[in-house]
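Chemist:
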Amino acid sequence: MIINESKINLWSKLGSRATFGQALLSVAEDNPNVLAMSADLGNSSGLKPFIRKYPSKFINVGIAEQNLIGVAAGLAKEGFVPYVTSFAPFLSMRASEQIRMELGYMQFNVKVVALGSGLAMGFLGNSHYGLEDVSVMRAIPGLTVVSPADCTEIVKVVQVAAHHKGPMYIRLTGGVNNPIVYKNDYKYELGKAIKLKDGDDIAIVCSGTMVHQSLQAAAELAESNIHAEVINMHTIKPLDTAKLEALVASGKPLVSVEEHTIVGGLGSAIAEFLTTLKKHVPHKIIGLEDKFGKTAQYEHLLKLHGLNSSGIANSVRLFLDDL
Amino acid sequence: MKQEYCESRLKKIAGEMRTTMIEMGYACGTSAHFGGGLSMVEILATLYGSVLNYKVDDTRWEDRDRFILSKGHGVLGYYAALYVFGLIGKKEIESYQQNESEFIAHPIMNLYFGIESSNGSLGHGLSLGVGIALAAKLKAKEFNVYVMMGDGECNEGSVWEAVMSASHHCLGNLVAIVDRNSMQNDGESKDIMNFHSLEDVWRGFGWNVHSIDGHDFGSLKDSLLPMPNTSQPTVIIANTVKGKGISFMENVASWHHGTLTQKTYEQAIEELRIDIHDNQ
């Protein structure tokens, strides 16, 4: 699929789910084994164009996420490449044991696409928020966990996933009018973090929607003469440890930023790796507190939890002040 | 390839399977799942002896019928079937429940030996079977998919998600077998979670239902082949005796997972020897 400026702008407007649907439609044109599956959220997954074009390649199992994973595993066993969709907590927690057995243990080639993760579900509330999904999915051996930074990266991940042999958990964050991180096509590789900005004073390692917010935060910090390097750690498992090791070697303090609980997510993954190194740098995990919070519009929630650009910049300043 | 049905041969095989199970269970020196393995011996003997289409020398044959042991704890019976029908050898049997073995208390997927999936956690196998049966339909393949479950396993909610999806997707190539030995880990199923009519529940979800004596080869042979040209999945509710064939194990909950002493081992082997002799 050709990626150009007009498509990037369109995908951003459509948001993460509709972009996923467009990407899968494109992937299915090249790969006859690609299937779309859902637990009664096909329309909410941006799959309407896919279903129109390939009605026999869309399988709905009804509101039954455990069966969704099991059936997808059976199809994958016979050579199909199913992309399954539902909201993040319903896949990562209600069906976590199916993901553990069928995808982790048996390694069936299923792509789990978690919709509306983080706080994007707004007034639908904590039942629908993806607060802990990375933590749960990351703990399962053999599962690749990815959190794309923007809609263009969603397209890249959906494309790469079709060729990557092995189960994946693809975490979609953000809603419609998703901010653009990548204005042009670029090289994407699973497990290889991408440096988006140089900076000598601190490194911000982030994923999902927090990449855009962190870039904005870095711009705000630059006004106070604090220069931040920004790294898009789109693959949370396997973590790009070489990149982290290089960061630590540079001696810069490190913050990680994620739209996820501070328990077990990207920050925890980084902290776990840092314990294996001889050299240490200060590391602060910026994310959601370990509690169920209030419900509000998405933008309001980001601000409330300090996960908008000014909140992140503020946390970085406080962190640096304490060093 | 599929073998001709011969009741006397299957009876002999059932005896060999039970003897293998007792030998394995005793030799491993630890506790083993005897009850739920012994209850499904005739079912597995009939499946591997006259129903399943498979090739011993080409276990990955694309058109083979698929068999999923969803009640993974019945693996002692499964290994015995794989052994008697030539899919695994003495070496594998002797490694049962030895440290780092691939042949443990639940199946580990190994296509080389014809083991289609890893199991152990209940309520997974039927969903997997639904997916495989759907794949066969999408690829216009003729093979059938068999999923062996327990009646206790039907306590799991995920089973019913799979049951409803199989009939919705018109999977006439899918056969579920419920080994209804009417017992589970904590005792009798009627006391733990009573299904007032398992048959009616499956029928209500749109399945063809056969309720048969799960130790009767003739009934098994007649019901295990899916009806031709049907779009409905089929379930066989096989009424069985937990621990079947060993007097002190039959209908005794503690033999769900128990340990043989030298004395009980010798008694079990003697009972099987007499039974095999009487059937000749």
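Same order as they appear, the protein sequences are chains A and B. Position 140 of the first sequence, counted from 1, bears residue number 139 in numbering that gives the first Met the number 0, the numbering being contiguous throughout. Position 257 of the second sequence, counted from 1, bears residue number 256 in numbering that gives the first Met the number 0, the numbering being contiguous throughout. Virtual Cβ for every residue (Gly too), placed ideally from N, Cα, C.
Could you check whether the Cβ of V112 of chain A sits closer than 9 angstroms to any Cβ belonging to chain B?
Modeler: Taking Cβ atoms only, chain B never reaches closer than 9 angstroms to V112 of chain A, which makes this a no.
Chemist: Just the C-alpha distance for G24 of chain B and T239 of chain B, rounded to the nearest angstrom, thanks.
Modeler: Approximately 21 angstroms between the Cα atoms of the pair.
Chemist: Considering only residues of the same chain and omitting the five flanking positions on each side of I87 of chain B, which have a CB-CB separation below 6 angstroms?
Modeler: Closer than 6 angstroms at Cβ, skipping near neighbours: L81 and F112.
Chemist: Using the Cβ count rule (16 or more neighbours within 10 Å means buried), how would you classify E152 of chain B?
Modeler: That one is buried.
Chemist: Along the chain, which unbroken stretches of the beta strand (DSSP E) at least 3 residues long are found entirely within the region 184-235 of chain A?
Modeler: 193-196, 201-205 and 227-231, all fully within the region 184-235 of chain A.
Chemist: When the Cα of L170 of chain B is compared with those of B:H32, B:N228, B:Q266 and B:K220, which residue comes out closest?
Modeler: The candidate whose alpha carbon is nearest that of L170 of chain B is B:N228.
Chemist: When the cut-off is 9 angstroms and only beta carbons count, does L133 of chain B lie next to chain A?
Modeler: Yes, L133 of chain B lies at the interface with chain A (some Cβ there is under 9 angstroms from its Cβ).
Chemist: By the 9 angstroms beta-carbon criterion, what residues does the region 119-151 of chain B contribute toward chain A?
Modeler: Per Cβ criterion, the list reads G119, S120, G122, H123, G124, L125, S126, L127, G128, V129, G130, I131, A132, L133, A134, A135, L137, K138, K140 and V144.
Chemist: Kindly say whether A27 of chain A, judged by its beta-carbon, lies nearer than 9 angstroms to any beta-carbon of chain B.
Modeler: Cβ-Cβ to chain B under 9 angstroms: no for A27 of chain A.
Chemist: Give the residues of chain B in contact with G73 of chain A, contact being defined as C-beta atoms less than 8 angstroms apart.
Modeler: The answer, in chain order, is S126, L127, G128, V129, G130, I131, A132, L133 and A134.
Chemist: Note down, in chain order, every chain B residue with its Cβ under 7 angstroms from the Cβ of F79 of chain A.
Modeler: Within chain B, the residues near F79 of chain A are A134.
Chemist: Does the beta-carbon of F291 of chain A have 16 or more other beta-carbons within 10 angstroms, so that it is buried, or is it exposed?
Modeler: With fewer than 16 Cβ atoms within 10 Å of its Cβ, F291 of chain A is classed as exposed.
Chemist: Look up E187 of chain B in the DSSP assignment and give the residues it is bridged to.
Modeler: In DSSP, E187 of chain B forms a bridge with B:M182.
Chemist: Where in the region 69-137 of chain A do unbroken runs of the alpha helix (DSSP H), each at least 4 residues long, occur, reported from the N-terminal end onward?
Modeler: Whole alpha helix (DSSP H) segments, 4+ residues: 132-137.
Chemist: Could you check whether the Cβ of Q215 of chain A sits closer than 9 angstroms to any Cβ belonging to chain B?
Modeler: For Q215 of chain A, the answer is no, since every Cβ of chain B falls outside 9 angstroms of its Cβ.
Chemist: On the premise that P232 of chain B lies in contact with S126 of chain B, defined as a C-beta separation below 8 angstroms, what is that separation, rounded to the nearest angstrom?
Modeler: The Cβ separation is near 13 angstroms, so there is no contact.
Chemist: Residues of chain B with a CB under 7 angstroms from the CB of V60 of chain A: which are they?
Modeler: Chain B residues near V60 of chain A: S164.
Chemist: Chain B beta carbons: is any one of them nearer than 9 angstroms to that of I1 of chain A?
Modeler: For I1 of chain A, the answer is no, since every Cβ of chain B falls outside 9 angstroms of its Cβ.
Chemist: Looking at C-alpha atoms only, which residue of B:V177, B:D212 and B:H214 is the closest neighbour of L197 of chain B?
Modeler: Here the closest residue by C-alpha is B:V177.
Chemist: Using a C-beta to C-beta distance shorter than 7 angstroms, which residues of chain B count as neighbours of V323 of chain A?
Modeler: A question about residue 323 of chain A goes unanswered here, because the residues of chain A that appear run from 0 up to 322.
Chemist: Straight-line CA distance for P31 of chain A to I1 of chain A?
Modeler: If you take the alpha carbons of P31 of chain A and I1 of chain A, they lie about 20 angstroms apart.
Chemist: For A161 of chain B, which residues in chain A fall below 7 angstroms Cβ to Cβ?
Modeler: Neighbours of A161 of chain B on chain A, chain order: N66 and G69.
Chemist: Do H259 of chain A and L70 of chain A count as a contact pair if the criterion is CB distance below 9 angstroms?
Modeler: Looking at the sequence provided, one finds Val at residue 70 of chain A rather than Leu. No.
Chemist: By the three-class DSSP mapping on this structure, what secondary structure does L301 of chain A have?
Modeler: Residue state, collapsed to three classes: helix.
Chemist: With H162 of chain A as the anchor, note down where its beta strand (DSSP E) starts and where it stops.
Modeler: It is not in any beta strand (DSSP E) - H162 of chain A instead sits in the alpha helix (DSSP H) that spans C150 to H162.
Chemist: Report yes if the C-beta distance between I92 of chain B and F102 of chain B is below 9 angstroms; otherwise report no.
Modeler: Going by C-beta atoms, I92 of chain B is nearer than 9 angstroms to F102 of chain B.
Chemist: S15 of chain A and I153 of chain A - do their beta-carbons sit closer together than 9 angstroms?
Modeler: Contact flag set, yes.
Chemist: Work out the CA separation of T240 of chain A and T274 of chain A for me, nearest whole Å.
Modeler: Cα-Cα distance, rounded: 12 angstroms.
Chemist: Rounded to whole angstroms, what's the CA-CA distance from E6 of chain B to G78 of chain A? Just pull it up for me.
Modeler: Answer to the nearest angstrom: the Cα atoms are 37 angstroms apart.
Chemist: Taking Cβ-Cβ distances shorter than 8 angstroms, what residues in chain A pair up with M192 of chain B?
Modeler: None at all; the shortest Cβ gap to chain A is about 18 angstroms.
Chemist: Buried or exposed: where does L118 of chain A fall if 16 or more other Cβ atoms within 10 Å of its Cβ makes it buried?
Modeler: With 16 or more other Cβ atoms within 10 Å, it is buried.
Chemist: Comparing C-alpha positions only, which one of A:H211, A:Y82 and A:I235 sits nearest to L102 of chain A?
Modeler: Measuring from the Cα of L102 of chain A, the nearest candidate turns out to be A:Y82.
Chemist: Measuring straight from C-alpha to C-alpha, what distance separates E141 of chain B and W201 of chain B?
Modeler: If you take the alpha carbons of E141 of chain B and W201 of chain B, they lie about 24 angstroms apart.
Chemist: Under DSSP, the beta strand (DSSP E) around E249 of chain B begins and ends at which residues?
Modeler: Element bounds for E249 of chain B: n/a, residue is neither H nor E.
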